[in-house]
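J.: All the letters of the sequence shown, read from the start, carry residue numbers 11 to 212 under the numbering used here. For each residue, glycine too, the CB sits at the ideal point set by N, CA and C. If you're wondering where the values come from, they're calculated on a predicted model, not measured in any experiment. For reference, the structure I am asking about is given below.
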Amino acid sequence: MDSFDPAKTSRHKISHIALFLKRWIARPKGIGAIAPSSIHLAKKMVIHLDVNPDDMVVEIGPGTGVFTEALLNAGVRPENLILLEREAAFAQHLRKQFSKVKIIEGDACQLMSVIGQETERAVTRVISGLPLRSMPREVRRIISSQIAELLPPGGILVQFSYFEGSPIDPDLAAEAGLMGRRVDHVLRNLPPAYVWKYVKVK
11 MDSFDPAKTS RHKISHIALF LKRWIARPKG IGAIAPSSIH LAKKMVIHLD
61 VNPDDMVVEI GPGTGVFTEA LLNAGVRPEN LILLEREAAF AQHLRKQFSK
111 VKIIEGDACQ LMSVIGQETE RAVTRVISGL PLRSMPREVR RIISSQIAEL
161 LPPGGILVQF SYFEGSPIDP DLAAEAGLMG RRVDHVLRNL PPAYVWKYVK
211 VK
């Protein structure tokens with residue numbers, strides 16, 4: 011095992027922040043946050059995903075990879091993890107950080123067709139870092155329906171939001187066959203975030 015190197019860890023964290031800020035300046039609405047998600051939020055997201063080593067997991071909007079790292083630390087095998095990232099700069103960064111994980115540049119609005127080309131296995135877990143509340147309602151409708159179509163009954167989606175209300179409009183969730191509830195509030199994040207868990211019910 012590699013020895014712990016505080017200087018290397020610090021440089022790694024700084025590079026994450028620098029990349030995030032660069033992309034935020036370029037596309038603030040597309041990024042939807044003022045800082046990368048914290049490790050505290052990442053750990054809570056993964057806990058509520060109820061993931062097992064054999065689960066096939068899709069992460070949407072992984073950004074700098076904070077949730078990805080938490081998933082791998084929780085025991086998700088790299089071959090069972092697919093990342094879908096729209097931003098080319100983030101995708102390039104992720105390939106350097108997670109060489110054994112499949113990383114796809116693509117749009118969540120085409121989730122079913124993109125993921126269907128990459129695996130024949132059923133995807134049972136989806137974790138999302140998308141800024142859904144900053145997206146138009148019709149885009150939220152498409153993405154939620156795509157996620158629901160991807161998941162089997164009993165499949166789980168975990169999504170965070172900076173607002174207390176559901177990041178997927180309740181009527182859109184019902185339309186897609188997703189039942190959601192707020193399961194956590196993470197204060198150690200900038201800004202503080204709420205964690206929502208959705209289960210595919212039909």
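Assuming G165 and R135 form a contact by the criterion Cβ under 8 Å, report the distance between their Cβ atoms to the nearest whole angstrom.
T.: As a first step, residue 165 must be located in the sequence shown, where it is residue number 155. As a first step, residue 135 must be located in the sequence shown, where it is residue number 125. About 7 Å separates the two Cβ atoms, so the contact holds.
J.: Going by the DSSP bridge assignment, what does K207 pair with across the sheet?
T.: Taking the sequence shown and counting its residues from 1, one reaches residue 207 at position 197. Answer is V168 and R191, bridged to K207.
J.: Should A158 be labelled buried (16 or more other beta-carbon atoms within 10 Å of its own) or exposed?
T.: The count along the sequence shown starts at 1 and reaches residue 158 at position 148. With 16 or more Cβ atoms within 10 Å of its Cβ, A158 is classed as buried.
J.: Between which two residues does the beta strand (DSSP E) containing S138 stretch?
T.: Walking along the sequence shown from the start, residue 138 turns up at place 128. Taken as a continuous stretch (DSSP letters only), the beta strand (DSSP E) holding S138 covers R135 to S138.
J.: Just to confirm before moving on: does the CB-CB distance between A184 and P162 stay below 8 Å?
T.: Counted from its first residue, the sequence shown places residue 184 at position 174. Counted from its first residue, the sequence shown places residue 162 at position 152. Not a contact, by the Cβ cut-off of 8 Å.
J.: Could you say which of E69, R147 and A203 lies nearest to A118 if we only look at CA atoms?
T.: Here residue 118 refers to the residue found at position 108 when the sequence shown is read from its first residue. With distances taken between Cα atoms, A118 lies closest to E69.
J.: Report the option in M122, L51, A52 and D60 whose CA atom is closest to the CA atom of L167.
T.: Here residue 167 corresponds to residue number 157 of the sequence shown, with the count starting at 1. Among M122, L51, A52 and D60, the Cα nearest to that of L167 is on D60.
J.: Identify the residues that DSSP records as bridge partners of L94: which are they?
T.: Working through the sequence shown from its first residue, we reach residue 94 at position 84. BP columns for L94 point to I70 and I114.
J.: Among L121, S109 and P146, which has the Cα closest to the Cα of S289?
T.: Past the edges of the chain, shown from 11 to 212, lies residue 289, and the structure says nothing about it.
J.: Under three-state DSSP, which class holds V124?
T.: In the sequence shown, residue 124 corresponds to position 114, counting from 1. Residue state, collapsed to three classes: helix.
J.: What did DSSP end up calling V196 once you bin it into helix, strand or coil?
T.: If you number the sequence shown from 1, residue 196 lands on position 186. Here V196 sits in strand by DSSP.
J.: Would you tell me roughly how many angstroms separate the C-alpha atoms of P141 and K207, rounded to the nearest one?
T.: Along the sequence shown, one-based indexing puts residue 141 at 131. Along the sequence shown, one-based indexing puts residue 207 at 197. Going from the Cα of P141 to the Cα of K207 covers about 15 Å.
J.: Tell me the rounded alpha-carbon separation between P64 and V211.
T.: As a position in the sequence shown, residue 64 is number 54, starting the count at 1. As a position in the sequence shown, residue 211 is number 201, starting the count at 1. Per the sequence shown, the amino acid found at residue 64 is Asp instead of Pro. Answer to the nearest angstrom: the Cα atoms are 21 Å apart.
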